[in-house]
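S.K.: I have a structure I would like to understand better, so I am pasting it below and will then ask my questions one at a time.
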Amino acid sequence: MAEPSSIIKKRVLKDGNRRLEQWLGFICWILLLLLKVCCRWFAREFILLLVDLIKYMNRNRLGKCISKEIKDYVRLQCESRYNESSVLQDIPASIRAKISQKLYEPYIRGVPLFRGCSHEFIKQIAIKVHEEFFLPGEVIMEQGSMADQLYFVCHGKVEEVRKPEENETEESLLDLHTYNSVGEISVLCNIPVPYTVQVYELSRLLRIDKQALVEILGIYFSGGRVIINNLLEGRESSLQSKILDSDITLNIAKHESELTMRLNCAAHDGDLYRLSRIIGAGADPSRTDYDGRSPLHLAASKGHGDITVFLIQRGVEINARDKFGSTALLEAVKNGHDQVASLLMEAGALLGIDNDGTCLCEAVAKRDLDYLRRLLDSGINPNSKNYDFRTPLHLAASEGLFPISVLLLKAGASVFAVDRWGRTPLDEARVGGNKNLIKLLEDAHGSQLSEFSTSFGKQDEGQRVRCRVFTSDPRSLKNERRRVVLWVPQSIDELINTAKAQLRVSSANCVVSEDGAKILDTDMISDGQKLFLVREITLSL
């Protein structure tokens, strides 16, 4: 009688499973046999190497201590041979780089020496390091030697020891653990190792050759500047001098100077794309060239508004002066770029002129009406005086410059200003004999006299007085201030609140005059007066 089909299927399946188990057992036996052969080959290789070393040590009578160190080292290398790069030599370089990055980048990122470095810089260091094992008592670096490798501790404990001189004992200086670096001073500064570095317990370290490190610093030199700054922290002044005078520091400074020139060229040419690429490569947009000019100076002088906005957004110093005393705003004003000047003023830029009166008088003497208008629009005081106490209106009146006089009067120039010899602008005009100018100044004299007489009473609603409010107190340096021109409101509180909003100051609570006197009422403010927004506590002498 024929067997059922279900029984036949079960029997076939059982036979198949038995054969599969036999094949798997056979494969495992083959793999085990290969493993034994490999282990025997490695053991045989180790034994042969050890026999040769023993013969060499006996022939040269190296002694028990050195012989033991050699034997332990060979044994360690044999046991850790799977960590050697030779295991991966047949693997493509791109894959080896990924493996190194995966294994070592977390350790490199934690090294204090590389704190603040870019991700790309850390990645390149991780790719270039090699793993090494050291036995207890083994010396990594000898005091007085020149190091050409930089080490980072992964696991274990390493100690810095100062070798004794005559009649002195060995001095332990510092214990190094995970993330600590070894030999950075010698490698980066080309000076002898100041102490011996030896292993306290079995340790795993990462090593990078000096040449590989220098090549990486040549590409990512901004990372080099970060490393130098980290290296300077907490060092003695003598060691700091050696660090700053080292070849690597000088090379970094050279690269920075070259990149600053490229930045300034891009800003001068108005090439925003090239400028952003150079900054993205690690260049500092606040650095200046040999004339003290930053990219913002060049962009402002050429009227490149897009680059000006880009640099302001990057947080560059907008009031930096070059070696000629010019700020970016002054460059924009000199070269007639009103839009750029407005952008800079909105960001809090200052002209940074040491003597406002001399600057205005020079503009009047050159009869440069446009330049004078831009200076006045930038908030400069039209009543500023030069070394002879002459205002720009004095000079314009003496030269018979009618359009310039009109501009100055509209900006708030006073006809009552007196120079060193007691003369007013109206006196100068009468000497010159320009009837139209004399009539203009006489009308201004009457108008300003009327305004002055009414300033002791309540201000009329139609008469508006302007004032210029600065941040900080009058004793601060000019280049630290920001300013805004405001119409004087009815109350002093309203003036303070408006100035705080415009100047983005939250802690101020009063305004003072140039001599530090507190202003209590808006009726005390004259047209065009300088005021300073401060905290009242800062007024104490």
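At position 485 of the sequence shown the residue is numbered 485 (UniProt numbering), and the sequence of numbers has no breaks. The C-beta atom is built at its ideal place from N, Cα and C for all residues, glycine as well.
1) Tell me whether the beta-carbon of F114 lies closer than 9 Å to the beta-carbon of V129.
2) Applying the 10 Å Cβ sphere with the 16-neighbour rule, what's the burial state of V534?
3) How many Å lie between H110 and Y179 at the Cα?
4) What is the DSSP secondary structure of R277, reduced to helix, strand or coil?
5) Cα separation between P295 and Q143?
6) Would you identify the three-state DSSP class for C117, choosing helix, strand or coil?
7) If we count the other Cβ atoms within 10 Å of its Cβ and call it buried at 16 or more, is S186 buried or exposed?
8) Use the C-beta contact count for L160: other C-beta atoms within 10 angstroms, 16 or more gives buried, fewer gives exposed.
9) Can you check which of these residues, C117, D521, A508, C359, is closest to I227 by C-alpha distance?
10) Closest to Y200 by C-alpha separation, out of D209, D245, G137, would be which residue?
11) How big is the Cα-Cα spacing for L344 and E131?
12) Taking the alpha-carbon positions, what's the V364 to L441 distance?
13) Might you give, ordered along the chain, the residues of its own chain that have their beta carbon closer than 8 Å to the beta carbon of N436, omitting 5 neighbours on each side?
14) Check whether the stretch 519-527 touches the stretch 483-493, taking contact to mean three or more Cβ pairs, one atom from each stretch, closer than 8 Å.
15) Have a look at H177, D527, L495 and flag the residue whose alpha-carbon is nearest the alpha-carbon of L449.
16) Counting pairs of beta carbons, one from the stretch 257-266 and one from the stretch 285-295, are three or more of them closer than 8 Å?
17) Note down, in chain order, each residue of its chain lying with its Cβ closer than 7 Å to the Cβ of D419, except the 5 sequence neighbours on either side.
18) Since H155 sits in a beta bridge, which residues does DSSP pair it with?
19) In the DSSP assignment, find the unbroken alpha helix (DSSP H) run with K98 in it and report its ends.
20) How big is the Cα-Cα spacing for I140 and I278?
21) If you drop the 5 nearest sequence neighbours on each side, which residues of the same chain put their C-beta closer than 7 Å to that of A444?
22) Looking only at its own chain, which residues have a Cβ that is under 6 Å from the Cβ of L350, when we skip the five neighbours before and after it?
23) Sorted by chain position, which residues of the same chain lie with C-beta nearer than 6 Å to R337's C-beta, five sequence neighbours on each side aside?
24) For E428, does the count of other Cβ atoms within 10 angstroms reach 16, so buried, or fall short, so exposed?
25) Just curious, the alpha helix (DSSP H) that Q502 is in, first and last residue?
26) When you compare each of D148, H177, A411, E346 to Y107 by their alpha carbons, which one comes out closest?
27) Along the chain, where does the alpha helix (DSSP H) containing H130 start, and where does it finish?
28) Does the stretch 353-373 come close enough to the stretch 307-319 to have 3 or more Cβ pairs within less than 8 Å?
29) CB S203 to CB H155, shorter than 9 Å?
M.R.: The answer reads as follows:
1) no
2) buried
3) Residue identity check: residue 110 is Gly in the sequence provided, not His. Their backbone Cα atoms lie some 6 Å apart in a straight line.
4) helix
5) 47 Å
6) coil
7) buried
8) Here residue 160 is Glu; the residue named in the question, Leu, does not match the sequence. Burial call: buried.
9) C117
10) G137
11) 53 Å
12) 17 Å
13) F402
14) yes
15) D527
16) yes
17) D388, F389, R390, H394
18) R204
19) 93-109
20) 40 Å
21) L409, V415
22) N319
23) In the sequence as presented, Arg is not what sits at residue 337; that position holds His. Once the five neighbours on either side are set aside, the close Cβ partners of H337 are G303.
24) buried
25) 492-503
26) H177
27) H130 -> not in any alpha helix (DSSP H); beta strand (DSSP E) instead, spanning 130-134.
28) no
29) yes
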